[in-house]
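Following: one structure in structure tokens, then a few remarks.
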Amino acid sequence: MSEYPMSAADPRGNEPFYVDPDCSTCGTRLVLLDVHRQSDVPVEPGEIWHDEWWCPACEDGIHMDWPESAFERLTERSESEARPFEEL
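Remember, my numbering sits 20 above the position in the sequence shown when you count from 1.
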């Protein structure tokens, strides 16, 4: 791996690379969502998304391990392409 993950498929070890490894709501250590789900549905190692983290204590949603710049680009693009509901 390079010094930082290049895609969601790049392993990050046992903690997120870009976001705090502890839940911002309760402080519990985040776990990789696909690893947590393996108890219900087996996931092949090559099919694990290493950018989706989850708090097993408060279950407050998925914490996306993306750089801030990726969120900014996504926001800019969605705002520039947004249309009123009536136009859909």
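Cβ coordinates follow ideal geometry from the N, Cα and C atoms, glycine included.
In the DSSP output, which residue or residues are listed as bridge partners for residue 26?
Residue 26 is not bridged to any residue.
For residue 26, tell me which candidate among 97, 43, 90 and 99 has the shortest Cα-Cα distance.
Residue 90 is the option with its Cα nearest to residue 26.
With distances taken from CA atoms, which of 46, 102, 107 and 52 is nearest residue 29?
When each option's Cα is compared against that of residue 29, the closest is 52.
By DSSP, does residue 54 sit in helix, in strand, or in coil?
DSSP places residue 54 in helix when its eight states are reduced to three.
Which same chain residues end up closer than 7 Å to residue 86 when comparing Cβ atoms and leaving out the 5 residues on each side of it in sequence?
Here the set comprises 38 and 71.
Identify whether residue 106 lies in helix, strand or coil by the three-state DSSP scheme.
If DSSP states are grouped into helix, strand and coil, residue 106 belongs with the helices.
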